[in-house]
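When you read off a place in the sequence shown, starting at 1, and then add 511, the result is the number in this note's numbering.
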Amino acid sequence: MALRAGGARRAYLKSRQYHNTHVLQADIRFLPFKKDLFDIIYCYGVLHHTADAKKNFSKPINLLNPNGLAVIYVYEKFEEESKAEKFLLEVVTLTRKISVKTNPALLYLLCFFALRLYF
């Protein structure tokens, strides 16, 4: 399950050959699943973008079966990090502020080349 439009589309394209896979886009506040359904939940960089991260933390957890595994990431405070790591975090924060206002086609192109440099 992917909660972002781009993530759902990418997941669909990568998994469409598997007949036991279903992809949908959903809002983490209103997940359309029964309790105890999932064995594994991986929630990376989602909750801290909601209005109430603490309240919404329980939403995916409620879907986890009793013996399941949840991996959840939210932003760190970075209070004990080095100056270099804090600087990089500020660069990322600035990049996000700019990227949300950037034309999606241009942003995709910039990310395409940036990822080639990084990886």
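Every residue, glycine too, gets a C-beta built ideally from N, C-alpha and C.
Here the structure is a predicted model, which means the values were calculated and not measured.
Bridge-paired residues (DSSP) for residue i
i           : result
residue 616 : Paired residue(s): none; residue 616 is not in a bridge.
residue 488 : Shown here, the chain extends from 512 to 630; a query on residue 488 therefore has no answer.
Which of helix, strand or coil DSSP assigns to residue i
i           : result
residue 523 : helix
residue 581 : strand
residue 535 : coil
residue 542 : coil
residue 575 : strand
residue 557 : coil
residue 603 : helix
residue 625 : helix
residue 596 : helix
residue 564 : helix
Contacting residues, own chain, Cβ-Cβ under 7 Å from residue i (five flanking each side not counted)
i           : result
residue 570 : 539, 540 and 542
residue 555 : 584
residue 626 : none
residue 546 : 573 and 574
residue 526 : 532 and 534
residue 549 : 574, 575, 576 and 579
Burial state of residue i, where buried means 16 or more other Cβ atoms lie within 10 Å
i           : result
residue 614 : exposed
Chain-order list of residues whose beta-carbon lies under 8 Å from that of residue i (same chain, five-residue window excluded)
i           : result
residue 558 : 539, 564, 567, 568, 583 and 585
residue 592 : 600
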